[in-house]
Amino acid sequence: VCGDIRNPDCVKSALKNIDVIFHLAALIGIPYSYSSPDSYVDTNIKGTVNMLQAARELAIERFVQTSTSEIYGTAQKVPIAEDHPINPQSPYAASKSAADAMAISFFRSFGLPVTVVRPFNTYGPRQSNRAIIPTIITQLLGKTGTVKIGSLFPTRDFTYVRDIVEGFMRAAECDDAVGQVINLGSNSEISVRDLIVLISGIIGVKPKIITDDKRKRPASSEVERLRADNARAKKILGWKPEYSLSRGLKSTIDWFKAHKDLYKSDMYNV
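Residue numbering for the sequence shown follows the numbering used here, beginning at 70 and increasing consecutively.
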């Protein structure tokens, strides 16, 4: 396995005798992209080009590109279908938008069998504390019940990891998905504040919420609203999420309760 997708030779060597590529390698932290945008270009854009070039040369049977709902920016209409304007509001989102465009260009220019899968806010067990749901859970499982958070009012469409994996597998196996961009989301949304209330209710604690300015994005960079239109996934892949938000959160919370020692809830992870 290649340890550095920024190295073309390493990538090509790692992909020999591979039939299907699920390209998930990326720098994902939005706050860190403000301080090191060049590293996001190197990894997310150049790294993706290296993967695509190798896949083309090795005649890979299917290339599944992992996108992100962040590239849409704040919803201009809801639900957000795949033809929604692309409006990245962070260096991270811009790098992922460029990576998606490169992937589709390899389909159009060279016939590489590419599918772009665009998940909306995946969550579940083992997730990094850089993500909002683990941040909330680990703080609520602490001794004080205090949750330090950034903006409380943006909404997100959260999708449980098992549903996302099922969508990826179907995309890799479906010939009609080649050349397509496909959203994976629940077609529902919840604000950060209401998410804290929901999680605290499942855990059984009364939260003390503190707005922490250092956790906020720059005002023009905050994505205020995301809600997926998953009609294309239903039509092409026969996919729809099986996990409700409450069910997925209960499963996630149970895992975090059993693995509290792996997380430092008092730290802000950039």
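The beta-carbon is built from N, C-alpha and C at its ideal position, and this holds for glycine as well.
message: Checking the sheet assignment: what are the DSSP bridge partners for Tyr-229?
response: Tyr-192
- request: Please report the residue range of the alpha helix (DSSP H) in which Val-266 lies.
  value: 261-272
message: Please tell me whether Gly-180 has its Cβ less than 8 angstroms away from any Cβ of chain C.
response: Although the question refers to chain C, the structure presented lacks it and comprises just one protein chain.
task: Report yes or no: do three or more beta-carbon pairs, one from the segment 122-133 and one from the segment 89-109, lie closer than 8 angstroms?
output: yes
field: Under the three-state DSSP convention, the category Ile-99 falls into
entry: helix
query: Ends of the alpha helix (DSSP H) at Gln-134?
result: Not the alpha helix (DSSP H): Gln-134 falls in the beta strand (DSSP E), residues 131-135.
field: Alpha-carbon spacing of Val-234 relative to Gly-254, whole angstroms
entry: 12 angstroms
- prompt: Taking the continuous beta strand (DSSP E) assigned at Val-80, which residues delimit it?
  reply: Segment 77-83 is the alpha helix (DSSP H) holding Val-80; no beta strand (DSSP E) there.
- prompt: Exposed or buried, what is Ala-297 when buried is set at 16 or more other beta-carbons lying within 10 Å of its beta-carbon?
  reply: buried
- request: Quick one: grab the DSSP three-state call for Leu-306.
  value: helix
query: So, is Met-120 buried or exposed, given that buried needs 16 or more other C-beta atoms within 10 angstroms?
result: buried
- request: Count the C-beta pairs between the segment 300-312 and the segment 223-243 that are closer than 8 angstroms, then say yes if the count reaches three, no if not.
  value: yes
field: Gly-98 versus Trp-324, Ser-164 and Val-216, residue with shortest Cα-Cα distance
entry: Ser-164
Beta-carbon contacts of Ile-289 that lie in its chain and below 8 angstroms, excluding the five residues immediately before and after: The question names Ile, but residue 289 in the sequence shown is Ser. Closer than 8 angstroms at Cβ, skipping near neighbours: Gln-158.
query: Between the beta-carbon of Gly-219 and the beta-carbon of Arg-286, is there less than 8 angstroms?
result: yes
Pairwise C-alpha distance: Lys-303 and Asp-335: 40 angstroms
field: Residues of its chain near Lys-275, where Cβ-Cβ distance is below 8 angstroms and the 5 sequence neighbours each way are ignored
entry: Gly-214 and Ser-269
- prompt: So Val-261 and Pro-223 are in contact, right, with Cβ under 8 angstroms, and what is the actual spacing, rounded?
  reply: 6 angstroms
task: List the whole-angstrom C-beta distance separating Tyr-332 from Thr-207, where the pair is believed to meet the contact cut-off of C-beta under 8 angstroms.
output: 5 angstroms
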